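Working notes, structure below.
In the numbering used here, the protein residues as written are 846 to 1124.
See below:
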């Protein structure tokens, strides 16, 4: 993507920290209700530390990643210490991204995307989305998102975040296609998303599962499945796909919407996929 990831990550991370200093540390994050403002700042801090270490060590295996996880240092209790650690973590990540090319191998949690470029893109979008979380937590308007970043953020969900979940489907599960959705960004190309559910009983403890997953299709589905369409601006569709639809009412430029129409079964399947991805 033709985006300055270094500048974007630094700018968005700084805006996140600034927004969070304007609210109580215990304020709930509306888009991530299990988190407080303090948790959100710590999350970005440990994410930046983790990926900086992945790139610095050249980790490419699960054992190397586990060693990095095991070596993490504790979360600071004092707010100023946490702010300083976040700033240092961001700079450490950016130093690694500046020193490496996108083509260099690097561990990532999706086997089809194992290079520095994937980390660069993921961290661009993660910093942007969590900055939105921070502004909502502080009760502020959501400041602008570059439409190019939004378009790339939507692509990242469609091409990486949702299809990666297929790698976590256990061998004992049954996968059933349930719907197809045409995603139609303004000014961009429409793409078809296939939604399935994997289900089954885990042998070791008898726990039941029924989980939605989604991946891009080459075109309209051949099978007769319930269909729907989702349209809107790149910014609206990006925030929606990342589970931040409530932010659309708080955009500084004015509220936006994602227009969803079609078979009620397909719409229900799409809502379940969004909710699963949001966590």
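Think of the CB as a built atom: it goes at the ideal place given N, C-alpha and C, for glycine as much as any other residue. Just so we're clear, the structure is a prediction, and the values are computed from it rather than from any experiment.
Outcome for residue i when other beta-carbon atoms lying within 10 angstroms are tallied against a minimum of 16
i, result
"residue 861", "buried"
"residue 925", "exposed"
"residue 1059", "buried"
"residue 1007", "buried"
"residue 1030", "buried"
"residue 1041", "buried"
"residue 857", "buried"
"residue 1049", "exposed"
"residue 915", "exposed"
Proximity below 8 Å, CB of residue i to CB of residue j
i, j, result
"residue 998", "residue 975", "no"
"residue 1019", "residue 952", "no"
"residue 886", "residue 931", "yes"
"residue 1024", "residue 854", "no"
"residue 910", "residue 919", "no"
"residue 881", "residue 873", "yes"
Range covered by the alpha helix (DSSP H) that runs through residue i
i, result
"residue 855", "850 to 865"
"residue 925", "924 to 944"
"residue 954", "No alpha helix (DSSP H) holds residue 954; DSSP gives it neither H nor E."
"residue 1080", "1079 to 1086"
"residue 992", "992 to 1001"
"residue 1061", "Residue 1061 -> not in any alpha helix (DSSP H); beta strand (DSSP E) instead, spanning 1053 to 1061."
Contact set for residue i: own chain, Cβ-Cβ below 7 Å, skip 5 residues either direction
i, result
"residue 851", "939, 942 and 943"
Opening and closing residue of the beta strand (DSSP E) in which residue i lies
i, result
"residue 1038", "1036 to 1046"
"residue 880", "877 to 881"
Cβ neighbours of residue i in the same chain (closer than 6 Å, five flanking residues each side left out)
i, result
"residue 1086", "999 and 1002"
"residue 987", "977, 980, 1092, 1095 and 1096"
"residue 1014", "1043"
"residue 913", "898"
Minimum C-alpha distance to residue i - residue among the options
i, options, result
"residue 897", "955, 848 and 967", "967"
"residue 1022", "1076, 1111 and 1054", "1111"
"residue 1100", "1072, 1106 and 1080", "1080"
"residue 936", "962, 893 and 956", "893"
Cβ neighbours of residue i in the same chain (closer than 8 Å, five flanking residues each side left out)
i, result
"residue 1116", "none"
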